[in-house]
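See below for the structure under consideration.
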Amino acid sequence: MHEMSYIASMVNMALEVVKENNAGRVRQIVVDIGKTSGVMPYYMHKYYPDAVKGTVLEGAELICNEIDVKALCEECGAEYYPKRENNYLCPECGGRKAHIIEGKGVVLSNVVLED
Ligand SMILES: [Zn+2]
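Position 63 of the sequence shown, counted from 1, bears residue number 63 in our numbering, the numbering being contiguous throughout.
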C-alpha cells in the first residue's frame with residue numbers, strides 16, 4: 001500500500017508548517033489527491049490516525065480532495081478534462097498530444113491551524 005508512505009510524507013510536511021508557524025494545535029489538514037495517482041482516500045484515512053499519533057496533529061481532521069485530471073492540448077492550447085467517451089482526445093481540435101496539468105500526484109494543499 002503506497003498510501004502509507006504518502007500519508008507519512010503529508011504528515012511530515014504538515015508538521016513543518018506547524019513548526020514554522022509556532023502553532024500549538026491543528027484543526028484540519030487538507031490533501032489533494034490526483035485521480036491519476038492511484039491513491040485511495042479510504043486508505044489515507046485508514047493510516048492517518050497511526051501516522052499522527054503522538055504529534056500535534058493528533059485529533060486534527062484529515063480532508064482528502066480528489067482532483068480530476070485536467071489536460072492541456074499541445075496542438076491548440078485548450079485545457080480540458082479527458083473523457084473516455086472521447087478517447088481522451090482534445091474536444092476542441094481532436095488532438096492527442098497533451099500533457100496533464102492537474103490531477104497528478106498527492107499534494108498537501110492546506111493546514112488549518114487553531115488560533
Ligand atoms: Zn486541441
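Just so you know, even glycine gets a beta-carbon here, dropped at the ideal spot from N, CA and C.
Judged by DSSP in its simplified three-state form, N22 adopts coil rather than helix or strand. Taking the C-beta atoms as reference points, V106 is found no nearer than 9 Å to M4. Distance from the Cα of V112 is smallest, within the candidate group N21, Y6 and A51, for N21. With contacts defined as CB atoms closer than 9 Å, I33 and N12 fail to qualify as a contacting pair.
Within the same chain, Cβ atoms closer than 7 Å to the Cβ of P82 are found at V69, A71 and Y88, the five residues on either side in sequence being excluded.
Distance from L15 to L57 at the Cβ level is roughly 7 Å; contact confirmed, criterion being Cβ atoms closer than 8 Å.
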